[in-house]
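K.L.:
Residue numbers (my numbering): 79 to 620. Idealized CB from N, CA, C, for every residue including glycine. As the structure is a computational prediction, the values presented were derived from the model and not from experiment.
1) 8 Å is my cut-off, CB to CB: does residue 498 come that close to chain C?
2) Which word fits residue 596, buried or exposed, when buried means at least 16 other C-beta atoms lie within 10 angstroms of its C-beta?
3) Between the alpha carbons of residue 188 and residue 177, how many angstroms are there, rounded?
4) Could you check the C-alpha separation between residue 47 and residue 521 for me, to the nearest Å?
5) What number of angstroms, rounded off, separates the C-alpha of residue 225 from the C-alpha of residue 274?
6) Which ranges does the alpha helix (DSSP H) cover as unbroken runs of at least 4 residues, wholly within the region 572–604, from first to last along the chain?
7) Among the residues of its own chain, which have a CB less than 6 Å from the CB of residue 613, if the five just before and after it don't count?
8) So, with DSSP's three-state summary, where would you put residue 99?
9) Given a cut-off of 8 Å, decide if residue 297 and residue 289 are closer than it, judged by their beta-carbon atoms.
10) Given a cut-off of 8 Å on the beta-carbon distance, is the pair residue 160 and residue 192 in contact?
11) Can you check the region 312–381 for any beta strand (DSSP E) of at least 3 residues that lies completely inside it and give the ranges in chain order?
12) Check whether the Cβ atoms of residue 272 and residue 368 lie closer than 8 Å to each other.
13) For residue 257, report the span of its beta strand (DSSP E) as first-last.
14) Go through its chain and collect everything with a Cβ distance to residue 652's Cβ below 6 Å, but skip five positions before and after it.
15) Closest by CA to residue 300, which one among 292, 204, 411 and 259?
16) One question on the structure: do residue 259 and residue 252 come within less than 8 Å of each other, judged by their Cβ atoms?
17) What does DSSP give as the partner residues of residue 416 in its beta bridges?
18) Could you tell me how far apart the beta carbons of residue 538 and residue 345 are, in whole angstroms, since I believe they sit closer than 8 Å?
19) Fully enclosed by the region 203–289, which alpha helix (DSSP H) runs are 4 residues long or longer?
20) Consult DSSP for residue 157 and reduce its assignment to one of helix, strand or coil.
21) Taking 8 Å as the threshold (C-beta atoms), are residue 442 and residue 473 in contact?
See the structure below:
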C-alpha cells in the first residue's frame, strides 16, 4: 500500500516471518514463537501422562483451553502508538470509532489496528519531560506516533523545538472545521503541525450539599476570587501544576485575568484555603463529587461528566436530587483548544494522519459531543435499517458520554443536532460572540503562558504546594483574629513573592538544573520564614 505521493507507507514494513508485525519487533515475536512451541511440547508430554493415568477428561479440558487461548489472539495488521493525558473513556470510544471509520476508507478496508497508549505515570507536565528527555537521547524520533491532549501551550513549544511532524489535512476536512481562529484564539496551527481537536473551558465546580454542611447554604461562587473566601478554608480542592497541565492552565489563566500582583495574591489565598493538592486534574473534581471539598476550579468536561452521572442516578431512582453545579465566571471565562499532533519520527505516519483526519471529521467530532448510542453498529444497521439512529449519527459513542466541546461550529446547529442527542449543551461559539458588559470572552495568551510555564510551576510549587502546611497554619492563625486586626498581616501573608519581571529574569537560571535547585531552595526558605513569622505575630495578638 502506498501513500498519495507514491512512496511506501511507513507502517507497511511487514514480513511473514514476524507474524505481520514491524520488522524492528521481529526478535520479540521469534522469542514468543519459541516459547509457544516449548509450551506445546510440554502440553503434549503432560497429555500422555494424563492419558496413561486415565485422566482423559482433564486432558480434554487442557486442550480446549489451549485452543481457546490460541484462537483469542487478535490478528492485528497495524499499530498506532499514543502518548496522551486523556482518560480511559475517551480512549475506548476513540479506538472503536476510528476502527469503524477506517474500515470504510479506500485501501484500509482490512486494517486491524492495535492501539498502544504509552503510560508514563503522569499528566501533561510529565509528558513534556518525557518527550524532552527522549528527543534529547534520540533526536530522530521517540517511537511514538501521536501526542493527543494537553491544551495548546505544549504544542507551540514542541513545534518550536522541531518535535512535531507536518500533517496536511484534506480540503473537505478544513472546510468542515471552518475558520482557524475564534475570538482571536488560534484553533489550529496555520502551518499544519498541530490541530485543535476539542475546545476546553474552565469553571467553578461546587457541591451544594457540602456548602450547606459548612453553613454556606445560601452562598454560591460566581467569580474566581470567591474561592479565596475565608469561610471556605479547608474546603477547596486544588491541584499541582507540576504534574497536571489543566491545573497549570487554571493558575496561568487566573494570572492573565487578574494581572500579576492580584493574580498571585489570589493563588496564595487559594492555596491557603486548599484542603490538599491532587497530582491529577480528575482528582481535583473527584473531591467535590464525593463531598470532601465544597468547590474547585476545573476543566468543564470533568464537572460535566460527573454531573451527567449524577443525573443518571436520579433518573434511575438511586439519588433524590442533583447537588453538583458548574458555573462559568462572567467575564473571566476562557476557551482554549485541546490539540493533537504527529510527533517527529512517527513510526506509523500514514495511519497517524488517518487518525487525525478522523478525529477532526464530522464523524469523529460526533464522538466527543453526542449521547451514546449502544449496540452493535453493524448488526443494528442490518436489523433496523433507516430506523437505526446511527444512520444519522454514525460517530456517536457506544458506551460513554465524553462531554467534550466540538471544535466545529456545525455540531452546535440545533436543526441538525438537537439538544436531546448532545451530551453537553454549551455553545462556545455563541459564548465567544457575547458582547455585553462583563460577558466578553477573554483571550488566552498561549505564547505568554508557554514562555513562563516551568518558572511559574517552580514558583507556585515552592511558595504554595511544598510550603502548604506552613501557609495553612499561618492562615488559620490569622483567621482567628478579628478582620480589622488581621488586615495588615493578611497583606503581608499574601504578597507576591516576586514581580513578573523578576520571574522572567530567572527563566534562564531555572533552566540550569543545579541553579534551579538553589533558587527553589531559596524560595522555600523565604516562604517558611514569612509564614512562621506571621503565624507568630498573629498568635501574639490573640
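P.N.:
Straight from the coordinates:
1) Of the protein chains in the structure, only one exists, and it is not chain C.
2) Locating residue 596 in the chain shown gives position 518, counting from the first residue. When all chains shown are included, residue 596 counts as exposed.
3) Here residue 188 corresponds to residue number 110 of the chain shown, with the count starting at 1. Here residue 177 corresponds to residue number 99 of the chain shown, with the count starting at 1. Looking at the two C-alpha atoms, the distance is approximately 10 Å.
4) Outside the shown range of the chain (79 to 620) lies residue 47, about which nothing can therefore be said.
5) In the chain shown, residue 225 corresponds to position 147, counting from 1. In the chain shown, residue 274 corresponds to position 196, counting from 1. Answer to the nearest angstrom: the Cα atoms are 12 Å apart.
6) DSSP runs (the alpha helix (DSSP H)) wholly in the region 572–604: 578–583 and 585–588.
7) On the chain shown, residue 613 is found 535 positions in, with the first residue counted as 1. So the qualifying residues of the chain are 551, 552 and 555.
8) Counting from one through the chain shown, the residue named residue 99 turns up at place 21. Any reading at residue 99 needs caution, since the residue's pLDDT is 39, under 50, leaving its predicted position unreliable; the model's value is listed next. Coil.
9) In the chain shown, counting from the first residue as 1, residue 289 sits at position 211. In the chain shown, counting from the first residue as 1, residue 297 sits at position 219. Cβ distance < 8 Å, so residue 289 and residue 297 count as in contact.
10) Position 82 of the chain shown, counting from 1, holds the residue named residue 160. Position 114 of the chain shown, counting from 1, holds the residue named residue 192. No.
11) Considered as a whole, the region 312–381 harbours 314–317, 352–356 and 373–377 as its complete beta strand (DSSP E) runs of no fewer than 3 residues, in chain order.
12) To locate residue 272, count along the chain shown from 1; it is residue 194. To locate residue 368, count along the chain shown from 1; it is residue 290. No. Outside cutoff.
13) Taking the first residue of the chain shown as 1, we reach residue 257 at position 179. For residue 257, there is no enclosing beta strand (DSSP E), as DSSP gives it neither H nor E.
14) As shown, the chain starts at 79 and ends at 620. That puts residue 652 outside it, with no answer to give.
15) As a working note, residue 300 is residue 222 in the chain shown. Nearest C-alpha to residue 300 among 292, 204, 411 and 259: 411.
16) Residue 259 sits at position 181 when you count from the first residue of the chain shown. Residue 252 sits at position 174 when you count from the first residue of the chain shown. No, the Cβ-Cβ distance between residue 259 and residue 252 is not below 8 Å.
17) Looking up residue 416 in the chain shown gives position 338. DSSP lists 276 as partners of residue 416.
18) Stepping through the chain shown from its first residue, residue 538 is reached at position 460. Stepping through the chain shown from its first residue, residue 345 is reached at position 267. Indeed, because the Cβ distance is near 6 Å, the residues count as touching under 8 Å.
19) Runs found: 231–239 and 249–255.
20) Sequence index remark: in the chain shown, residue 157 carries index 79 (1-based). In the three-state reduction of the DSSP assignment, residue 157 falls in the strand class, which pools E and B.
21) Counting from 1 along the chain shown, the entry for residue 473 is found at position 395. Counting from 1 along the chain shown, the entry for residue 442 is found at position 364. Taking 8 Å as the Cβ cut-off, residue 473 and residue 442 qualify as a contacting pair.
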